[in-house]
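Undergrad: Under our numbering, read the sequence shown as residues 167 to 849, first letter to last.
Have a look at this one.
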Amino acid sequence: MLGMRGASFVQICGLIATCLFPHLTLAEEPTKESSVLTTDEIVISATRTAEPIGQSAAAITVLTREQIERSPYTGGHQLDDLLRSVPGVQPATLSSRYNHPTAQSVTLNGLGTRRTLVLLDGVPLNDGFGGWINWGLIPNDIERVEIVPGGASNLYGTWAMGGVIHIITTSPAEGTGFKVDSQAGTLSTYQQALNARYGTDRFRFSIGYRWFHTNGIIPVPAYQQGPVDRTNDSRHELLNGRLAWLPSSRTTLDLSGSLFREDRTFGTSLSLASRTIGNIALGLHSDQGQGGRWESKLFAQWQTFRNQTSQITPSPLLRLAEFRNLIQTIPSNDFGGSLQWTGSLWGPDRLVLGSDARTIIAQATDDLFSSGGFTGQTLARGHQLGWGLFGEWILPATERLTVTPSLRADWWKNYNARSESPTATTVFRDNTVQVVNPKLSANYVLTENVRAGASIYQGFRAPTINELYRGFGFSGFSFLPNDQLRPERLTGTEVKLEGNLFSDRSFSWRLSAHRDEVKDQILFLTQGPTAAQRQNVGRTLSTGGALDLSYQVAPLLSLSFGYAYVDSAITSLPGAQDREGKRIPNVSRNQLTAGLTGGRSDWVAVTIMARYLSRQYTDDLNLQPVADFVVLDASLQHELRKGLRLVLNGENLTDRHYIATQTGSIKTLGSPLLIMGGIRAEY
């Protein structure tokens, strides 16, 4: 283990730079690290079709391949850590490397967790059973990430009520190539990743493998620890592959798949989880000429999730011993597909028509225990089926004005749901939801360097099988399901003003604001000192805005700054007026981000990233605060020769001990000081 605890970032970087690079000189090469991109950058996620970012009304952020590789966060499974640097994006405050799988989430526009669609090459990463994000399924070869806040149910349906994050990986190319990323660090943390590719003009193939392990830390603060507490170690493996066949220059058939396995513990010997996830996807893309394009996608995922919890005795705050109280086994199947056509009616316009569907089948079997042993078994299961039709017209009304109306109709059904216990069997009623979600967007080019955009939209989110039928517990606190949950309904608006301050586009800026009102938002409402249940809240309101600045100070130095404010609160809750005015759990009002990138990628590159998150609450009564905190991360990279690079990454360099979350009376520490070093080789 490296003895760097408490060392400052300046000391670390100064020592490394002095020892390794005493003759460092800087050449003239720009770093190109702006996240507010130029107007000709092409994005696909805002409209489900290729579109110049300057024509979109949405406040889109793109993380490029260079930004990702020069960041302190190694591996696709750390994408949630990188997203913390984007104003307005709030992943779960505890990194997915240490967090429980069911708590891995992301929030856009302050709408709360489970309301953002995360795509991996067009396939949902949102768990079909529970809605959480399977960050571990992301491979290392990320090409770019597109972040689109604001209602997107008009194109994507239930999963995208709060927006879309699309992770696009590198497509296999012609020729051969090989990559190795080998790193080790403190807390017995190791990561090994391999990627290989081979391609001809007709067939292209790539395969990747990643292995990760960390011992972690004892997650309970020292003042709450007892003999029962231990580290929250985590390990996973990911094997992924991709095969592309190009029968012609206009048609591509793409087959991809992955196998993921992980094992985790959560601070005690009997609190643990394991998952095995396999998936496969088949895609077809065909350009018809004159702007016409057909796209189709089929995907399937199979998962087995095993979750074991324990009861701390004699009480959660007096942590002397534990006994196993639950073993939960959840097999689930997730199947879906989409078909989309993009074309033109009269030339410069674009018309998008499509349909998609998704079905989820899941079952949770609970083996119950007391201190004396096995006491019984319960079972809950359910099926969900969703189907949608959508249409969009991207209309250049004038040379400066682009108007985009869109509409989606969704049909969503819960069926064949039941629960069984030793004393009773309950068959839940089937439930069908039919909704229509429109959106109208407009983008106007004010000047050569200034653009304005505005959108008004509606959205919805159907409750997941997990929310309807699965209960769980942690540290003596129970979370109860609710089979009577209704879908959430969103009405919102978003505006932006963005541009470039100088003609050379070295200084990019963006201002954005939003107002989102949700009817029947699903939240955990406290039922007593040891339990909470999911319920529909009358109305909630989220209002806020964001500032995003990026400045290329010199060819070898770029700066970025971001600030986001969001006030997200319960405005109406009949029968529980004491909760009105309370803030939505797990959403901070203030978020600050800052970054510095210096040097050049073919010699020495330094990246420093800092972030601040203000106080938030983990419960509906706002009695469990998580204090504000500042975290500093950095990366130092040196290219020894072409294709061979030394990497030194540091996270939480000030070794700030902060609380990331709280369950009942038990607090959980945030990500610790972590130093990782190693090599990256590519040829």
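All residues carry an ideal CB built from backbone N, CA and C; glycine is no exception.
If you're wondering where the values come from, they're calculated on a predicted model, not measured in any experiment.
Could you pull out every residue in the same chain whose Cβ sits closer than 6 Å to the Cβ of E848, ignoring the five residues on either side in sequence?
TA: Only K345 and G809 meet the Cβ criterion.
Undergrad: For D293, which residues from the same chain have a beta carbon less than 7 Å from its beta carbon, with the 5 sequence-adjacent residues on both sides left out?
TA: Correct list, in chain order: N300.
Undergrad: How should N582 be labelled, buried or exposed, when 16 other C-beta atoms within 10 angstroms of its C-beta is the threshold for buried?
TA: Flag for N582 reads exposed.
Undergrad: Using the Cα positions of T273 and T279, report the straight-line distance between them to the nearest angstrom.
TA: Each residue's alpha carbon lies about 5 Å from the other.
Undergrad: Quick one: what's Y581 bridged to in DSSP?
TA: Answer is H549.
Undergrad: Compute the beta-carbon to beta-carbon distance between A359 and G542, rounded to the nearest angstrom, for a pair I have assumed lies under 8 Å.
TA: With 8 Å as the limit, A359 and G542 do not qualify as a contact, their Cβ atoms being about 44 Å apart.
Undergrad: If you compare alpha carbons, which of R427, T213 and V753 is closest to S572?
TA: Comparing Cα-Cα distances from S572 to each of R427, T213 and V753, the minimum goes to T213.
Undergrad: Report the CB separation of L860 from Q699 in whole angstroms; it is logged as a contact under 8 Å.
TA: The chain is shown from 167 up to 849; residue 860 falls before or after that span and cannot be answered.
Undergrad: Would you kindly work out how many angstroms separate the C-alpha atoms of F638 and L723, rounded to a whole number?
TA: Cα-Cα distance, rounded: 49 Å.
Undergrad: If we ignore side chains and look at the alpha-carbon of each, how far apart do G642 and S607 end up?
TA: Going from the Cα of G642 to the Cα of S607 covers about 48 Å.
Undergrad: To test your reading of the DSSP string, which unbroken beta strand (DSSP E) runs of 3 or more residues are found completely within the region 683-734?
TA: Those beta strand (DSSP E) runs which fall completely within the region 683-734 and span 3+ residues are 697-720.
Undergrad: Are the CB atoms of A628 and P653 within a distance shorter than 7 Å?
TA: Taking 7 Å as the Cβ cut-off, P653 and A628 qualify as a contacting pair.
Undergrad: Can you list, in chain order, the residues of its chain with a C-beta nearer than 8 Å to that of P393? Leave out the 5 residues immediately preceding and following it.
TA: These residues qualify, in order along the chain: R485, L486 and A487.
Undergrad: Flag this pair as yes or no: are the beta carbons of A523 and I631 separated by less than 7 Å?
TA: For A523 and I631, no; Cβs fall outside 7 Å.
Undergrad: Closest to S837 by CA distance: which of D246, T230, R584 and L229 is it?
TA: Looking at the Cα atoms, D246 is the closest of the given residues.
Undergrad: Using the DSSP secondary-structure output, state which residues sit across from V599 in a beta bridge.
TA: Bridge partners of V599: W578.
Undergrad: Sort N381, R368 and R363 by Cα distance to T352 and report the nearest one.
TA: The option with the nearest alpha carbon to T352 is N381.
Undergrad: Can you list the alpha helix (DSSP H) stretches of 4 or more residues lying completely in the region 759-788, in chain order?
TA: Listed in chain order, nothing qualifies, since the region 759-788 has no complete alpha helix (DSSP H) run of 4 or more residues.
Undergrad: Rounded to a whole number of angstroms, what is the C-alpha to C-alpha distance between G302 and F426?
TA: Going from the Cα of G302 to the Cα of F426 covers about 8 Å.
Undergrad: With distances taken Cα to Cα, identify the nearest neighbour of L758 among I688, F727, S734 and T544.
TA: Considering only alpha carbons, the answer is F727.
Undergrad: Any beta carbon of chain B sitting closer than 7 Å to that of L248?
TA: Structure shown: chain B not included; a single protein chain is present.
Undergrad: On the premise that T525 lies in contact with F501, defined as a C-beta separation below 8 Å, what is that separation, rounded to the nearest angstrom?
TA: Sure, about 5 Å apart at Cβ, within 8 Å.
Undergrad: According to DSSP, R627 sits in a beta bridge with which residue or residues?
TA: Paired residue(s): E654.
Undergrad: Using a 10 Å radius around the Cβ and a threshold of 16 neighbouring Cβ atoms, would you call Y635 buried or exposed?
TA: Label assigned to Y635: buried.
Undergrad: Please specify which runs of the beta strand (DSSP E), each continuous and at least 3 residues long, are wholly inside the region 475-541, giving them in chain order.
TA: Fully enclosed beta strand (DSSP E) runs of 3 or longer: 484-509 and 516-536.
Undergrad: Per DSSP, what kind of secondary structure is L840 in: helix, strand or coil?
TA: Strand at L840.
Undergrad: Count the other C-beta atoms from every protein chain shown that fall within 10 angstroms of the C-beta of R368, then say buried if there are 16 or more, exposed otherwise.
TA: R368 comes out exposed.
Undergrad: Pick out whichever of L248, Q221, T227 and A225 has its Cα sitting closest to the Cα of I234.
TA: Cα-wise, what sits closest to I234 is L248.
Undergrad: Is G329 helix, strand or coil by DSSP?
TA: Reduced to three states, the DSSP call for G329 is strand.
Undergrad: Name, in chain order, the residues that DSSP records as bridge partners for D395.
TA: D395 is bridged to T434.
Undergrad: Assign P305 to one of three DSSP states: helix, strand, or coil.
TA: Note: P305 maps to coil in three-state DSSP.
Undergrad: Looking only at its own chain, which residues have a Cβ that is under 6 Å from the Cβ of N361, when we skip the five neighbours before and after it?
TA: The residues are D307, K345 and G374.
Undergrad: Residues in the same chain with beta-carbon distance under 7 Å from V753, minus the five sequence neighbours each way, listed in chain order, please.
TA: Around V753: Q256, T273, G276, G278, V732, S734 and Q782.
Undergrad: I need the straight-line Cα distance from D576 to L519, nearest angstrom please.
TA: C-alpha separation (whole angstroms): 14 Å.
Undergrad: With a CB to CB cut of under 7 Å and the five nearest residues on each side skipped, what residues in its chain are close to P791?
TA: Answer for P791: R781 and Y783, listed in chain order.
Undergrad: Whole angstroms is fine: what's the gap from V813's alpha carbon to V599's?
TA: Distance between the alpha carbons of V813 and V599: 51 Å.
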